[in-house]
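Working notes, structure below.
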Amino acid sequence: MNICVIGNSHVAALKKSSFQLDCNTLDYYAIPGAGAPDLLLKNDRLFPDYDSDKGVTYPDFKPGEWVSSNIPQVETQGLELDNYDLIVYSGVGLPALRSSNVNAINQVVCPFFLPANYDQSSCEKNIVSIQAFERLIVNELENAANICSLRLLLAHFNGPILLQHFPVPSNQLRTQPDFDYASSVSISSLIKWYYKQQIEFVENLIVEHSNASYLFDVFELVDESGFTQNRFSKLNDAWHMNHLYGDEVFKHLQIYLDNL
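Residue numbering for the sequence shown is 2 to 261, as defined by the working numbering.
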């Protein structure tokens with residue numbers, strides 16, 4: 002079995018995993034950036050879409066520096082999908098709820114998830130209802146780079162496409178400085194709701210594609226407080242996970258392979 006892990010910065014947790022996956026080839030193709038990857042197809046090969054504007058917040062990369070991969074010259078020569086039997090698509094979903102990320106979601110605040118005594122008059126962002134917030138999430142997903150890239154893979158890859166959703170953050174989120182809802186007593190409720198909106202959208206997107214499915218339920222690795230267990234989280238980064246999380250992803254992948 003020849004496998005390629007495609008995604009964004011969340012691929013790092015898998016790449017650092019020590020789990021020994023039973024396969025012939027395991028390659029990695031990652032484009033770091035909030036909302037990434039943004040891909041295009043030329044002659045059955047994947048390339049970064051340098052010219053697209055889908056709201057992706059990229060690090061300060063120049064062309065030639067975008068792709069992190071173990072495959073030599075893959076950014077310039079392209080990733081040949083026909084070389085693989087299976088794709089793991091890592092980091093599916095909207096970017097982290099960081100107020101520093103440039104997207105429509107971070108331009109609004111939903112009081113439903115804020116304390117009752119929250120002073121709306123002092124808020125510099127637009128106040129929206131939970132219904133408007135939900136519509137905004139759907140609209141962002143419709144146009145998100147990694148969702149558009151998923152549609153591209155669904156249209157051009159016939160083998161299994163196993164999705165790993167953007168991990169649920171750890172409880173370090175409570176002290177994150179650029180999180181609008183840090184004062185809320187119901188952060189975990191917000192996160193659960195926010196993720197379920199996204200997962201429902203993705204499941205509806207792939208429902209007609211028998212070769213695509215979620216590899217595992219992202220909520221399997223949360224604790225009783227509703228956050229991903231701290232042992233899986235990177236230090237001082239609520240949104241990114243470490244090699245132990247990568248181990249868990251590959252354990253689920255191995256179970257999938259064993260059942261083929």
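Ideal placement from N, C-alpha and C gives every residue a C-beta, glycine not left out.
- With fewer than three CB-CB distances shorter than 8 Å, the region 26–43 does not count as touching the region 188–208.
- The beta-carbon distance between HIS166 and VAL219, rounded to whole angstroms, is 4 Å. This is short enough to meet the 8 Å contact definition.
- Put simply, the backbone Cα of VAL57 is about 20 Å away from that of VAL169.
- The continuous beta strand (DSSP E) containing TRP240 extends over residues 238–242.
- Using a Cβ-Cβ distance cut-off of 8 Å, the region 242–249 and the region 219–233 are in contact, since at least three pairs of beta carbons, one from each stretch, lie closer than that value.
- Runs of beta strand (DSSP E) with 3 or more residues, each lying fully within the region 51–109, are found at 87–93, listed in chain order.
- In terms of CA proximity to PHE20, HIS253 leads the group HIS253, CYS124 and ASN260.
- DSSP lists CYS5 as the bridge partner or partners of ASP28.
- The beta carbons of PHE113 and SER171 sit no closer together than 9 Å.
- Between ASN44 and the set HIS157, ARG99 and GLN132, the nearest pair of CA atoms involves HIS157.
- Look at ALA35 here: in three-state DSSP terms it is strand.
- By the beta-carbon neighbour count (other beta carbons within 10 angstroms, threshold 16), GLU209 is exposed.
- Judged by their CB atoms, VAL203 and LEU154 are not nearer to each other than the 9 Å cut-off.
- Shown here, SER234 sits in a strand according to DSSP, grouped into three states.
- Here LEU261 is exposed, its C-beta having fewer than 16 other C-beta atoms within 10 Å.
- Each residue's CA atom was taken as its position, placing SER70 and GLN177 some 30 Å apart.
- Distance from the CA of PRO73 to the CA of GLY79, rounded to the nearest whole angstrom, comes to 10 Å.
- Across the structure, PRO116 and GLN108 are spaced so that their CA atoms are roughly 19 Å apart.
- With respect to the C-alpha of LEU87, the residue from ARG152, SER10 and PRO161 having the closest C-alpha is PRO161.
- Secondary structure at GLN165: strand, using DSSP grouped into helix, strand and coil.
- The continuous beta strand (DSSP E) containing ALA213 extends over residues 213–215.
- If you compare the alpha carbons of VAL129, ASN102 and SER189 with that of VAL110, the shortest gap goes to VAL129.
- Following the DSSP letters along the chain, one finds PHE202 inside the alpha helix (DSSP H) bounded by residues 188–207.
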